[in-house]
Amino acid sequence: MTQTIIKPSAGKALLIDGKAASTAVLERVAREAEGMKIKPGLAVVLVGEDPASQVYVRNKGRAAQSCGFHSVQHDLPATTGESELIGLIGRLNADPAIHGILVQLPLPAGIDSTKVLETISPDKDVDGFHPVNVGLLATGLVERALAPCTPAGAMLLIEEAAKALQRDISGAEAVVVGRSNIVGKPMAQMLLAKNATVTIAHSRTRDLPGVARRADILIAAVGRPEMIRGDWIKPGALVIDVGINRVPGAEPGKTRLVGDVAFAEALEVAGAITPVPGGVGPMTIAMLMANTLRAAKRGAA
Ligand code: GUN
5 MTQTIIKPSA
15 GKALLIDGKA
25 ASTAVLERVA
35 REAEGMKIKP
45 GLAVVLVGED
55 PASQVYVRNK
65 GRAAQSCGFH
75 SVQHDLPATT
85 GESELIGLIG
95 RLNADPAIHG
105 ILVQLPLPAG
115 IDSTKVLETI
125 SPDKDVDGFH
135 PVNVGLLATG
145 LVERALAPCT
155 PAGAMLLIEE
165 AAKALQRDIS
175 GAEAVVVGRS
185 NIVGKPMAQM
195 LLAKNATVTI
205 AHSRTRDLPG
215 VARRADILIA
225 AVGRPEMIRG
235 DWIKPGALVI
245 DVGINRVPGA
255 EPGKTRLVGD
265 VAFAEALEVA
275 GAITPVPGGV
285 GPMTIAMLMA
295 NTLRAAKRGA
305 A
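For any residue, its number in the working numbering is found by taking its place in the sequence shown, counting from 1, and adding 4.
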């Protein structure tokens, strides 16, 4: 990668710049897409009017366009029935101009998201949520799977930081705090595929600080603002903060974003760390574009 991703910080730890890494991925994707006979096509489906989802979906569409993709967005009202949504997915599955389909989550109450996600063709499942892709990842067939974007992006940052710190992922103690299907579980599978010794910790884990302290690679994906304190971190550890939490700011009425890690404390202990914002966050959309490119290449082969 030509971008500088690992940078010095004001503290002890190196900073892992996810914005720079995502730019590098997007540039590569755009370059490769330009050289293809077919245009990669991404369809994003939004049901309802959740403001946060609207922003995410708009950003996904913009990124697709900046990569030179064919980009379509389907906005459906919150009253859309499950069968209507499944009907749309069926048409997108059959559309040769569409290589990637993403149904933005959460779906309105009354729609069974598991059922909906299972109707997406696994070959077009650029979110990596279909049981076929989950299974490919879990059986170690990482190259064949379309992998979930956020942990795939985190993995790329881990590899860059491990290189900078001259550490091996193979044999390292990795602790993933959080067991969601979107981040925690696939993250653990990806680390396992790289031969890390992986622990998945969660809200019921006994002595969570003690478990976290064992980690050479610590992944925080719990959605609790600044839960992981500086003294939970092994000196020199590689810390990846997947959390994005909005909390009250210094001034009344203002808010700010913080991760799941108490960043200022961690900066004095960790060997390398991702900031929030500007760490794992920007990687999700970049990896979505990388997955869409891959799906298009496979479809064209
Ligand atoms: N909502 C929040 N994150 C995601 C994601 O990665 N994919 C989808 N489809 N919906 C989301």
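Glycine included, C-beta positions come from ideal geometry on N, C-alpha and C.
Boundaries of the alpha helix (DSSP H) in which residue i is found, first to last residue
{"i": "Gln-108", "result": "First-last for Gln-108: undefined, no H or E at that position."}
{"i": "Thr-123", "result": "117-123"}
{"i": "Pro-135", "result": "135-142"}
{"i": "Val-215", "result": "212-216"}
{"i": "Arg-95", "result": "86-98"}
Helix, strand or coil at residue i [DSSP, three-state]
{"i": "Thr-6", "result": "Unreliable positioning characterises Thr-6 in this predicted model, as indicated by a pLDDT of 49, which lies under 50. A coordinate reading is not provided."}
{"i": "Ser-26", "result": "helix"}
{"i": "Ala-47", "result": "strand"}
{"i": "Gln-193", "result": "helix"}
{"i": "Val-265", "result": "strand"}
{"i": "Arg-35", "result": "helix"}
{"i": "Asp-127", "result": "helix"}
{"i": "Lys-301", "result": "helix"}
{"i": "Thr-288", "result": "helix"}
{"i": "Ala-276", "result": "strand"}
{"i": "Leu-19", "result": "strand"}
{"i": "Thr-209", "result": "coil"}
{"i": "Thr-259", "result": "strand"}
Beta-carbon gap between residue i and residue j smaller than 8 Å
{"i": "Gly-156", "j": "Asn-137", "result": "Checking the sequence shown, residue 156 turns out to be Ala, not Gly. Result no, Cβ atoms of Ala-156 and Asn-137 do not sit closer than 8 Å."}
{"i": "Ala-205", "j": "Leu-242", "result": "no"}
{"i": "Asp-245", "j": "Thr-278", "result": "yes"}
{"i": "Ala-25", "j": "Leu-195", "result": "no"}
{"i": "Pro-110", "j": "Gly-132", "result": "no"}
{"i": "Glu-269", "j": "Arg-233", "result": "yes"}
{"i": "Gly-227", "j": "Asp-264", "result": "yes"}
{"i": "Ile-223", "j": "Val-180", "result": "yes"}
{"i": "Arg-302", "j": "Asp-127", "result": "yes"}
{"i": "Val-130", "j": "Val-49", "result": "no"}
{"i": "Ala-37", "j": "Phe-73", "result": "yes"}
{"i": "Ala-56", "j": "Leu-30", "result": "no"}
{"i": "Thr-372", "j": "Gly-94", "result": "Any question about residue 372 goes unanswered here, given that the chain covers just 5 to 305."}
{"i": "Lys-238", "j": "Asp-211", "result": "no"}
{"i": "Val-187", "j": "Thr-154", "result": "yes"}
Rounded separation between residue i and residue j - CA only
{"i": "Thr-6", "j": "Val-33", "result": "With a pLDDT of 49 at Thr-6, under the threshold of 50, the predicted position of this residue should be treated as unreliable, and no value is reported."}
{"i": "Val-51", "j": "Cys-71", "result": "25 Å"}
{"i": "Ile-10", "j": "Lys-167", "result": "10 Å"}
{"i": "Arg-260", "j": "Met-291", "result": "25 Å"}
{"i": "Asp-116", "j": "Glu-86", "result": "7 Å"}
{"i": "Phe-267", "j": "Ala-101", "result": "44 Å"}
{"i": "Ile-90", "j": "Gly-139", "result": "22 Å"}
{"i": "Arg-35", "j": "Arg-218", "result": "41 Å"}
{"i": "Ile-289", "j": "Lys-23", "result": "11 Å"}
{"i": "Ile-173", "j": "Glu-88", "result": "45 Å"}
{"i": "Met-191", "j": "Lys-41", "result": "33 Å"}
{"i": "Gln-170", "j": "Gly-240", "result": "12 Å"}
{"i": "Ala-274", "j": "Lys-16", "result": "7 Å"}
{"i": "Ser-13", "j": "Ala-165", "result": "14 Å"}
{"i": "Pro-112", "j": "Leu-297", "result": "29 Å"}
{"i": "Asp-235", "j": "Ser-125", "result": "45 Å"}
{"i": "Gly-65", "j": "Ser-75", "result": "6 Å"}
{"i": "Gly-39", "j": "Ala-299", "result": "15 Å"}
{"i": "Met-315", "j": "Gly-247", "result": "The chain is shown from 5 up to 305; residue 315 falls before or after that span and cannot be answered."}
{"i": "Glu-230", "j": "Val-59", "result": "24 Å"}
{"i": "Val-120", "j": "Leu-145", "result": "24 Å"}
Span of the beta strand (DSSP E) around residue i
{"i": "Gly-58", "result": "Note on residue identity: the sequence assigns Gln, not Gly, to residue 58. Note, Gln-58: premise wrong, no beta strand (DSSP E); alpha helix (DSSP H) at 55-70."}
{"i": "Val-243", "result": "242-245"}
{"i": "Ser-75", "result": "74-80"}
{"i": "Pro-252", "result": "249-252"}
{"i": "Ile-237", "result": "No beta strand (DSSP E) holds Ile-237; DSSP gives it neither H nor E."}
{"i": "Ala-224", "result": "221-224"}
Segments assigned alpha helix (DSSP H), at least 4 residues, entirely inside the segment 156-206: You should have 188-197.
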